[in-house]
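Residue numbers (this note's numbering): 22 to 291. No residue lacks a Cβ here, since even glycine has one placed at the ideal position from N, Cα and C. Note that the structure is a prediction, hence the values are computed from the model and not measured.
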Ligand SMILES: NC(=O)c1ccc[n+]([C@@H]2O[C@H](COP(=O)([O-])OP(=O)(O)OC[C@H]3O[C@@H](n4cnc5c(N)ncnc54)[C@H](OP(=O)(O)O)[C@@H]3O)[C@@H](O)[C@H]2O)c1
């Protein structure tokens, strides 16, 4: 079993915000025999885990870095340097897994100093329900075992893909930001249901479940054109709706959303 790789490890998480909380909850639910250490500037975020016997609340990032075997960094990109430089001397022989968007492995290695092992990850907020899409790549000193361990940890919050670092901006656009684009589409479809007379709760649930169905069919091997062919009968309702989408360039708008988000990620990383 994959999670056995994390057995007996002390896993520290710095930054118990949206993503840090989701990762910790996922790990608590799926990885036995590991212990967790957490630190954050916000005491109330830490206190949410006060009753968890496997979680130790640390008073500082330094305390956490001393005690943990593996560190997950889940603070905002602008705070990364400020967090890493003071703990760098404590990171000998420890793995850093960073989820900070747009902070390259080279930059992480620069803050930590020579020879330090880093893995960079781009998760998405689906992590809150165990459906993150996480893409990871390794820095110049990390080894296969580090990548495997990161895979185990990220598997606790969803699916994991191993990619080249140069593709990280595309992943940021496609899944990091893309989950918000799909939420907009679902919301718009629900609005249409309301416009035509459905109660909003029902319309939103049905639109979301329809999106799940489409996603599962595609993941099961039906390509989008097949789904279209199975749904659109001649002169019917689906082809009329597809015509409306074509006339409003919905495909181009969705492509633009991902392309612009990718470009913005590249701009931010310059
Ligand atoms: N949210 C997403 O959808 C998403 C997706 C992919 C990647 N990410 C990445 O994940 C990281 C975290 O994002 P998030 O949305 O979880 O942010 P968040 O909710 O703001 O969580 C970050 C937490 O770190 C704390 N913090 C700041 N400075 C600290 C320090 N010096 N020591 C310890 N804790 C500190 C923050 O406290 P204060 O609020 O007091 O500063 C906050 O509680 C970011 O780098 C982001 O790029 C996020």
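Residue i - partner residues in DSSP beta bridges
i, result
"residue 158", "141"
"residue 183", "157"
"residue 31", "56"
"residue 119", "94 and 141"
Buried versus exposed call for residue i [16 or more other C-beta atoms within 10 Å across all chains shown]
i, result
"residue 189", "buried"
"residue 143", "buried"
"residue 264", "exposed"
"residue 112", "buried"
"residue 47", "buried"
"residue 173", "buried"
"residue 61", "buried"
"residue 259", "exposed"
"residue 249", "exposed"
"residue 145", "buried"
"residue 102", "exposed"
"residue 72", "exposed"
"residue 130", "buried"
"residue 198", "buried"
"residue 64", "exposed"
"residue 134", "exposed"
"residue 270", "exposed"
"residue 236", "exposed"
"residue 39", "exposed"
"residue 164", "exposed"
"residue 257", "exposed"
"residue 272", "exposed"
"residue 128", "buried"
"residue 44", "buried"
"residue 268", "exposed"
"residue 159", "buried"
"residue 239", "exposed"
Selection from the options that minimises the alpha carbon distance to residue i
i, options, result
"residue 186", "278, 28 and 139", "139"
"residue 291", "124, 76, 277 and 40", "124"
"residue 152", "277, 200, 247 and 49", "200"
"residue 58", "246, 38 and 32", "32"
"residue 191", "157, 222, 205 and 246", "157"
"residue 141", "183, 118 and 244", "118"
"residue 98", "36, 235, 211 and 236", "36"
"residue 50", "95, 149 and 127", "149"
"residue 275", "213, 195 and 105", "195"
"residue 28", "79, 87 and 91", "91"
"residue 202", "222, 279, 106 and 284", "279"
"residue 84", "210, 108, 66 and 74", "108"
"residue 106", "205, 82 and 166", "82"
"residue 120", "87, 114 and 154", "154"
"residue 166", "42, 289, 54 and 115", "115"
"residue 87", "206, 34, 66 and 232", "34"
Cβ of residue i within 8 Å of any chain B Cβ
i, result
"residue 182", "As a matter of chain content, chain B is missing from the structure shown, which is built from one protein chain."
* Within the region 41 to 93, note down every full alpha helix (DSSP H) run reaching 4 residues or more, in order along the chain. => 64 to 68 and 82 to 88
* Asked: Where are the alpha helix (DSSP H) runs, 4 residues long or more, that stay fully inside the region 209 to 240, in chain order?
  -> 221 to 240
* Completely contained alpha helix (DSSP H) runs for the region 258 to 290, where each covers 4 or more residues -> 258 to 268 and 271 to 289
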